[in-house]
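K.L.:
Please see the structure below; I have some questions.
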Amino acid sequence: MKSLLAQSSKLSDPAHQLEVINSHNEKIRSMTKFEEKLNDIGLFPLKPTGIEIFQINLGYMCNMTCKHCHVDAGPDREEIMTKETLQYCLDALKGSDIETVDLTGGAPEMNPHFRWFVDEVARLGKYIIVRSNLTILDTRKFEDLPKFLADRGAEVTCSLPFYNKRRTDNQRGAGTYDKSVKVLKILNNLGYGREGSGLELNLVYNPVGAFLPPSQESLEKDFKQALKRDHGIVFNNLYTITNLPISRYLNFLLESGNLEEYMEKLITSFNPGAAEGVMCRDTISIGWDGTLYDCDFNQMLQMKTNHGAPEHIRDWDENKLNNREIMVNQHCYGCTAGAGSSCGGATTS
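With this note's numbering, the residue at position 171 of the sequence shown is 913, and numbering never jumps.
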């Protein structure tokens, strides 16, 4: 058997990640295939319910290198969506009833065409979500963005590992908590998170270890109480997201010897209700190079849309995409465990 070090060194290769997830040892090989679970509840092949969210990865470049990042984003990544590809996205949106455009990365703000694209999407009357790590908005080059986004009514959904400094800095690096608090206060001062402002501010929580998120409702109450008490910060919603065994988090599971137990935990926590509400059924994911995927996680594993659906944004065909079969594999158990997981948090109560 390959050593953990040898396996970890190959984790930049999506095909090897799938190999590790599916056949690391006998215990994993004996686990029920995700397709079989779906078939048992009448959901295989998995089909879309209709695309409602147009999620675009603007690039893998980021000012941070977070331990749990399934994108493997960082300052050294050079993959950035070009203006030409962004124009293909706009062309697709112009002829579509899709109402929500979800911008992610890396740090989506670092795309050199970010401001132009947000303006163009706003002109189309679409609802815009920007997924920010917060700290990027505490740099001179991007400090104007909170006001820019507020003026365009964009939602800001941002990662904050925990409501105290120690746990946040442990997951995302020293100084992260203080910078995040500073930016959250700036957003609050612009009206974000405040009742009646129309400016949505949401936080995202990912577990630090090899366990599922706690109750989203309960954790949201704790976050709201602590941030209001300690810093006067308010926000709208907290989203709990299960870590999927991909990229850096897969590396963590291997190095800590937790991969088999974690996969078993995901499988034994399979929730049919969560399976019905997986985000790939109402979302399409566009990679930085324009390639189409069923979700952001499939994108990281280079599992393109299939079964007759177009594979690139320049060939956009909404009817074919709405009637495609969604590509699944063992990592999909992460979205169906417990209360379920999506970019909008838990999918069941």
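Just so you know, even glycine gets a beta-carbon here, dropped at the ideal spot from N, CA and C.
Every value quoted in this text rests on a predicted model; they were computed, and no experiment measured them.
Please report the distance separating the alpha-carbon of M803 from that of P850.
P.N.:
The residue you call residue 803 lines up with position 61 of the sequence shown. The residue you call residue 850 lines up with position 108 of the sequence shown. Distance between the alpha carbons of M803 and P850 is about 8 Å.
K.L.:
Per DSSP, what kind of secondary structure is R894 in: helix, strand or coil?
P.N.:
The residue labelled residue 894 in the question sits at position 152 within the sequence shown. Three-state result, R894: coil.
K.L.:
Could you have a look at L785 and say whether DSSP puts it in helix, strand or coil?
P.N.:
Translated into positions along the sequence shown, residue 785 becomes position 43. L785: coil per DSSP, three-state reduction.
K.L.:
Who are the near neighbours of S901 in its chain, counting only those whose CB is closer than 6 Å to its CB and skipping five residues on each side?
P.N.:
For the purposes of this step, residue 901 is taken as the residue at position 159 of the sequence shown. Answer for S901: N875, V946, listed in chain order.
K.L.:
Assign F953 to buried or exposed, taking buried as 16 or more other Cβ atoms, counted over all protein chains shown, within 10 Å of its Cβ.
P.N.:
Position 211 of the sequence shown holds residue 953. Label assigned to F953: exposed.
K.L.:
Taking the continuous beta strand (DSSP E) assigned at R1066, which residues delimit it?
P.N.:
Here residue 1066 refers to the residue found at position 324 of the sequence shown. Neither: R1066 is in no beta strand (DSSP E) and is coded neither H nor E.
K.L.:
Rounded to whole angstroms, what is the Cα-Cα separation between R909 and E959?
P.N.:
Taking the first residue of the sequence shown as 1, we reach residue 909 at position 167. Taking the first residue of the sequence shown as 1, we reach residue 959 at position 217. Their Cα atoms are separated by approximately 20 Å.
K.L.:
Just to confirm my understanding: we take C1074, look at its own chain, exclude 5 residues before and 5 after, and list those with CB closer than 7 Å. What are they?
P.N.:
Along the sequence shown, read from residue 1 onward, the residue named residue 1074 stands at position 332. Excluding positions up to five away in sequence, the list reads F776.
K.L.:
What does the alpha-carbon distance come out to for the pair V898 and L932?
P.N.:
In the sequence shown, the residue the question calls residue 898 occupies position 156. In the sequence shown, the residue the question calls residue 932 occupies position 190. Rounded to whole angstroms, V898 to L932 spans 12 Å at the Cα level.
K.L.:
Should A1016 go down as buried or exposed, given a rule of 16 or more other Cβ atoms within 10 Å for buried?
P.N.:
Within the sequence shown, the letter at position 274 stands for residue 1016. A1016 is buried by the Cβ-count criterion.
K.L.:
Per DSSP, what kind of secondary structure is R909 in: helix, strand or coil?
P.N.:
Residue mapping note: residue 909 aligns to position 167 of the sequence shown, counting from 1. Residue state, collapsed to three classes: helix.
K.L.:
Considering only C-alpha positions, which residue in the set A896, G951, I1009 is nearest to L995?
P.N.:
Counting from one through the sequence shown, the residue named residue 995 turns up at place 253. If we check each option's Cα against that of L995, G951 comes out closest.
K.L.:
Are the Cβ atoms of M1069 and M1045 separated by less than 8 Å?
P.N.:
Sequence index remark: in the sequence shown, residue 1069 carries index 327 (1-based). Sequence index remark: in the sequence shown, residue 1045 carries index 303 (1-based). Yes, the pair counts as a contact, with Cβ atoms nearer than the cut-off.
K.L.:
Could you spell out the range, first to last residue, of the beta strand (DSSP E) harbouring Q797?
P.N.:
As a first step, residue 797 is located in the sequence shown; it is residue number 55 there, counting from the start. Counting along the chain, the beta strand (DSSP E) containing Q797 begins and ends at 795-799.
K.L.:
So G1078 is in the alpha helix (DSSP H); what residue range does that whole segment cover?
P.N.:
Against the sequence shown, residue 1078 aligns to sequence position 336. Reading off the sequence shown, one finds Thr at residue 1078, where the question assumed Gly. From DSSP, the alpha helix (DSSP H) with T1078 extends over 1075-1078.
K.L.:
Just verifying my parser: in three-state terms, what is the DSSP assignment at Q749?
P.N.:
On the sequence shown, residue 749 is found 7 positions in, with the first residue counted as 1. Because Q749 sits at a pLDDT of 42, beneath the cut-off of 50, its placement in the model cannot be relied upon, and the following sentence gives the value as read from the coordinates. Note: Q749 maps to helix in three-state DSSP.
K.L.:
On the CB-based measure, 16 or more other CB atoms within 10 Å of its CB, does G1127 come out buried or exposed?
P.N.:
Absent from the model: residue 1127. The displayed extent of the chain is 743 to 1091, so no value can be given.
K.L.:
Thinking C-alpha only, which one of G1086, E1060, T984, E1006 is nearest C811?
P.N.:
Indexing the sequence shown from 1 puts residue 811 at position 69. Of G1086, E1060, T984, E1006, the residue nearest in Cα terms is T984.
K.L.:
Check for me: the beta strand (DSSP E) holding R873 runs from which residue to which?
P.N.:
Here the question's residue 873 lines up with position 131 in the sequence shown. Start and end: 869-874.
K.L.:
For G1086 and H855, what's the separation of their Cα atoms in angstroms?
P.N.:
Here residue 1086 is taken as the residue at index 344 of the sequence shown, counted from 1. Here residue 855 is taken as the residue at index 113 of the sequence shown, counted from 1. C-alpha separation (whole angstroms): 25 Å.
K.L.:
Classify D1038 as buried or exposed, calling it buried when 16 or more other Cβ atoms lie within 10 Å of its own Cβ.
P.N.:
Start at 1 with the first residue of the sequence shown, and residue 1038 comes out as number 296. The residue in question, D1038, is buried, as its Cβ has 16 or more Cβ neighbours within 10 Å.
K.L.:
Less than 8 Å between the CB atoms is what I'm expecting for L941 and A892, so what's the real figure, rounded?
P.N.:
By one-based count along the sequence shown, residue 941 stands at place 199. By one-based count along the sequence shown, residue 892 stands at place 150. Contact holds; Cβ gap of about 6 Å.
K.L.:
Could you tell me whether the stretch 875-888 touches the stretch 825-839, where touching means 3 or more Cβ pairs closer than 8 Å?
P.N.:
No, they do not touch.
K.L.:
Counting pairs of Cβ atoms below 8 Å between the stretch 964-975 and the stretch 788-795, do you hit three or more?
P.N.:
No: the two stretches stay apart, fewer than three of their Cβ pairs being nearer than 8 Å.
K.L.:
Among R936, G938, L969, which one has its Cα closest to the Cα of D920?
P.N.:
One-based indexing of the sequence shown puts residue 920 at position 178. Closest option to D920, Cα to Cα, is L969.
K.L.:
Taking DSSP's pairing of strands, which residues face C900 in a bridge?
P.N.:
Locating residue 900 in the sequence shown gives position 158, counting from the first residue. DSSP lists S874, L945 as partners of C900.
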